[in-house]
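Step one of this worksheet: look at the structure below.
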Amino acid sequence: MRDKFKRRLWMAGISALALAAAGQASAAVLSGQVSDASGVRTLESALVTIVELNRSAETDSSGAFRFVDVPAGTYTLRTTYSGGAVTTTTVTVAEPAASVDIAVAPPEGTVAELLVVGQRGNLNSSLSRQRQAAGVESVLTRDAVGQFPDQNVAEAVRRAPGVNVLNDQGEGRFIAVRGLDPNLNAASINGARVPAPESDVRSVALDVIPSELVESIEIKKTLTPDMDADTIGASIEINTTSALDRLKPFFAVAAEGSYNDATGDWSPKVSADFSRTFGDRLGVAGGLSYYKRSFATDNIEADDWDETGGVVSAKTLEFRDYDVTRKRLGGSLSFDYRLTDTTDLYARVLASQFDDHEYRKRLILEMDGDPRSGTATTATFNSADDRITVIRDLKDRFESQTIRSYVVGGKTETGPWTFDYSTAYSKAREKEAGSLDPTRFRQRFNGAGLEVAFDYSDMEKPTYDVISGEARFLDPSRYGFYRLEHTQLSLSEDEEAVVKFDVARAFVLDSGELELQAGAKARRRSKTYDLQLDYYDGYSGSYTLSDVLGRQDYGLAPIDPVPAPGATAGHFYGNAANYELSDLDTAFESAIADYSVDEDINAGYVLARYRSGPLRMVGGVRVEQTQNDIRGNLVELVEAGATRNGVVLADDTVFVTPQSFSRDYTDWLPSATIRYDAAPNLILRGGAFRSVVRPGIGKIAPRFIIEESDAGEREGEFGNPDLQPFEAWNFDVSAEWYFAPEAVLSGGVFYKKIDNFIVDAEFEDGVFNGVPYDEAVIPINGEEATVKGFEFNYQQVLAFLPQPLDGFLVGFNYTYTDSEGDVLGRKIPLPASSENTFNATLGYEKGPVSLRLAASYRDMYLDELGGDDETDRYVEDHIQYDLSAKYKVTSNFQIVAELVNLGDEPYVAYQNGPNGKRLLQYEEYSWTGKIGVRATF
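Right under this line is the structure:
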């Protein structure tokens, strides 16, 4: 199989090169660079046209453009850029080459720096890149003085059309595009795919990366053959800064304090970035960012809803008080070197560390029986009827995530030939060591000891009231220690090495321009997870909640008495010899999660780009061969009295059997993209491509978990190493109208047909990979799913208004998504799919003042599939308002302020029964205010 793949790849490459060699010898090469008139920076995606030849080219990230096979003569170059005046330049071309630099100024009567600075700078850069793109994409950029409009990459992407950001603790983390699960997107940094720090998943939590290190974020919704095909939602391309982005030396520092209303604490943030060229051949750019954020979250969770005699109640209700400290430390460094007039080399490094220290105080009420009485919105339980268990515990968890990305490469352009080559290495890691998750104290009420009434009239915030037994309920000395899970090590590592090479040959035809391109890429990925957990279920001596007593700072309900943050860890390490280790549970918990997955992907492609007047086309085919070596464990927990190999077991016993599997498969992935300039400012686009997303690591890892009773009944959970990848056909059609110099009105429709959708299914009385079971949950490939919808986007600088209203900017985008999948005979919306999403922005920028009010909305969505419609988990709709203000004291010094989550919007999850919406999770975060300064030199 591998030899056949290599032969096909070489045949495709040789065919492309043979066609290229048949081309005629080139005439002169015309090249140059486009920058803004103020001399601050180069302009990417400016359009340069040779008027007499009707040939056009877009500038690259360094502002450079290049035409091959240009006959000798004198020509007029017309250059356009969003928000800039049309610039005409005369150039005389003679063999073998000619060069010209072009400066683009804003329209007459405007301030020159507004072309690249502030909100208008962000808008102009984004519109220019989106306009000149071959396919359907959205672009977010920062301006010439390094001001990105949001705090981290996930928060920034929230502003783009069709994007739904999934929050964690009030911060954007994972990105869903067009209603698809975040695992169906792919992210890269400087062209290298980003591995995932978390175990079990492929999706990357993009809050790890500070926005200060980012130059642009490109959300590509259609693919071409030279791109990795491992996405159905979008390919999210994150680019760090380069010295070639700016023409002058640059240095900026910023300091900020943020205030969280829930904690009353201030948190520091500092950053710096720089850019410098040395002569005309070497450039260096980089940045550092540090942010420490302390905040609090108040949470309520309910579970096991039931209806008895017309009374609906939750058998478990939890009140959770989170106090979290997060630190982000990031750095980037870029080197650009012009080796010769035809060869540029580069090196890019990005490193980011995200530390999360979480204390969680919790009160749990567990009811074994049915309520004694109740109404439509209340329920009362009495321990005289059935046991009521009250648990008070503390989680003390610290985890650290790191991402490292190294890319080295270059480009050689000689005559009509272009060679691109690069190698990359990326590594992500998540480590926990020493967490106590959690330390639990318990009191069981049997007999006439406790009566508790619950009020569910407020769906989001149920309450409780102790009717009798309050003294015992509040006595910390009655809550005895009964369980602690100590994480010796939880280590997830994901690393990938990549080598790629592309070659292209340009031709000038009578009808237009043709470029043939071919390339190959090898990716080597390894992901492992190792868990070493100590499970303690007893204590030699007296240990109660009163020994580690703290107090609540929780606003939704009384949860005292609670453990004090830090006290349980101090007690554990000071009295470790007295804790009683459960060897059985330790062995079981430490074996069930471990796995190792190696994934080799060999890819090759051929494509053609054709350009003739208003028409541009890109088409070709990509082939990807995937090979997996997968290892895990069959872990069986067998009760005493069961028979094993003809022997009756005297004690509960854990059996661990290593498992390993290998597989390979090949995917052929055609694509075609068409762009047509129907009018000077009207662009029509269409795209069709086939893509493939490999199953989640946790789904294919052969972790087979069986619990066997003494009667021989076996219940299990299985990973499935035979899962097929998601396969999708994707179709896009859109229109963009650039009706004013700094404005766009666009709309588009999309459709996706997805095969091999993966779901967890329940089975009875079977055998899976040689392991028998009576009941089991196994991930399987489901039936077909479809996603369809439309997008609308409007952005404009209202410069036509009279002063001072001409400083206003407006933006609005809306996406409608209709997703549907067939799962075990049920029609469901796809998880993380919001039917309606929109973003609205009102900005003002005039003189030293810059203001922005932004609103981001997403509709409710299916979060997890339950056993039926009534128990499916949904997340309530969400709207967030943010306000920012900047004041430029001098040309080099600026004061900044921001208010985040002005409406104190909570996170709410629910199920649709029994008898209406029932709470599963409620979280509130309050608002955060920020103030700081920024200086540029």
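As numbered in the numbering used here, residues 522 to 1458 make up the sequence shown, in order.
All C-beta atoms in this analysis are idealised placements derived from N, C-alpha and C, irrespective of residue type, glycine included.
- Residues of the same chain with a CB within less than 6 Å of the CB of valine 1280, apart from the 5 flanking positions on each side, are Gly1303 and Val1344 in chain order.
- Close CB contacts of aspartate 702 within its chain, under the 6 Å cut and outside five residues either way in sequence, are with Pro1352 and Ala1353 (chain order).
- At a Cβ-Cβ threshold of 8 Å, serine 956 and arginine 1004 do not count as neighbours.
- Scanning the segment 1183-1260 for uninterrupted alpha helix (DSSP H) segments of 4 residues or longer gives 1218-1221, listed from N- to C-terminal end.
- By alpha-carbon distance to alanine 897, the top candidate from Thr837, Asp827 and His1007 is Asp827.
- Cα atoms of glutamine 1401 and asparagine 643: separation of roughly 22 Å, rounded to the nearest angstrom.
- Glutamate 676 has its alpha-carbon roughly 24 Å from the corresponding atom of tyrosine 927.
- With the rule of 3 Cβ pairs closer than 8 Å, the segment 860-868 does not count as touching the segment 715-725.
- The beta carbon of alanine 1418 lies closer than 6 Å to those of Ala1406 and Ile1452 in the same chain, with the five residues before and after it left out.
- Closest in C-alpha terms to aspartate 1121, from the list Asn685, Glu1036 and Val1019, comes Val1019.
- Rounded to whole angstroms, tryptophan 1448 and glutamine 1442 show a C-alpha spacing of 20 Å.
- Residue environment analysis places glycine 1134 among the exposed positions, since fewer than 16 neighbouring C-beta atoms fall within 10 angstroms of its C-beta.
- With a 10 Å radius around the Cβ and a threshold of 16 neighbouring Cβ atoms, phenylalanine 1458 comes out exposed.
- If you draw a straight line from the Cα of serine 1013 to the Cα of aspartate 1327, it is about 52 Å long.
- Check the Cα spacing between histidine 1399 and each of Ser998, Met1381 and Gln1180: the tightest is with Met1381.
- For lysine 982, same chain residues with a beta-carbon under 7 Å away, outside a window of 5 residues either side, are Ile821, Leu1077 and Tyr1443 in chain order.
- In this structure the segment 1154-1164 does not touch the segment 1247-1261; the number of beta carbon pairs closer than 8 Å is below three.
- Considering only Pro1350, Ala954 and Gly1033, the residue with the shortest C-alpha distance to glutamine 1009 is Ala954.
- Contact between the segment 1086-1093 and the segment 1144-1153 is absent, with fewer than three C-beta pairs closer than 8 Å.
- In the same chain as aspartate 976, and ignoring 5 residues on each side of it, the C-beta atoms closer than 8 Å to its own belong to Thr898, Thr899, Pro983, Thr984, Tyr985 and Asp986, in chain order.
- Here phenylalanine 875 is buried. Its C-beta has 16 or more other C-beta atoms within 10 Å.
- In the pairwise beta carbon analysis, the segment 811-825 is classified as touching the segment 781-796: at least three pairs are separated by under 8 Å.
- Straight across, the Cα-Cα distance linking proline 789 with alanine 1114 is about 37 Å.
- If you draw a 10 Å sphere on the C-beta of tyrosine 867, you find 16 or more other C-beta atoms in it, and that means buried.
- Comparing alpha-carbon positions, the option among Lys836, Ser552, Thr960 and Arg961 lying closest to threonine 901 turns out to be Lys836.
- The residue among Asp766, Ser552 and Val1429 with its C-alpha nearest the C-alpha of valine 735 is Asp766.
- Per the Cβ contact rule, the segment 748-768 is in contact with the segment 794-807 (3 or more Cβ pairs under 8 Å).
- Excluding its 5 nearest sequence neighbours in each direction, arginine 1137 has C-beta neighbours in its own chain below 6 Å: Arg1196, listed in chain order.
- Contact between asparagine 760 and serine 792 is absent: CB atoms are separated by about 18 Å, not below the 8 Å threshold.
- Residue state for isoleucine 924 is assigned as strand, using DSSP reduced to three classes.
- When secondary structure is reduced to three states using DSSP, valine 1083 falls in the coil class, being assigned neither helix nor strand.
- Contact between threonine 597 and threonine 613 is absent: CB atoms are separated by about 11 Å, not below the 8 Å threshold.
- The beta carbon of phenylalanine 1313 is closer than 7 Å to those of Gly1268, Asn1334 and Tyr1335 in its chain, skipping five residues each way along the sequence.
- Fewer than three pairs of CB atoms, one per stretch, sit closer than 8 Å, so the segment 1029-1044 makes no contact with the segment 1094-1113.
- Counting other Cβ atoms within 10 Å of its Cβ, alanine 945 reaches 16 or more and is therefore classed as buried.
- Here the C-alpha atom of arginine 1044 lies approximately 6 Å from the C-alpha atom of asparagine 1123.
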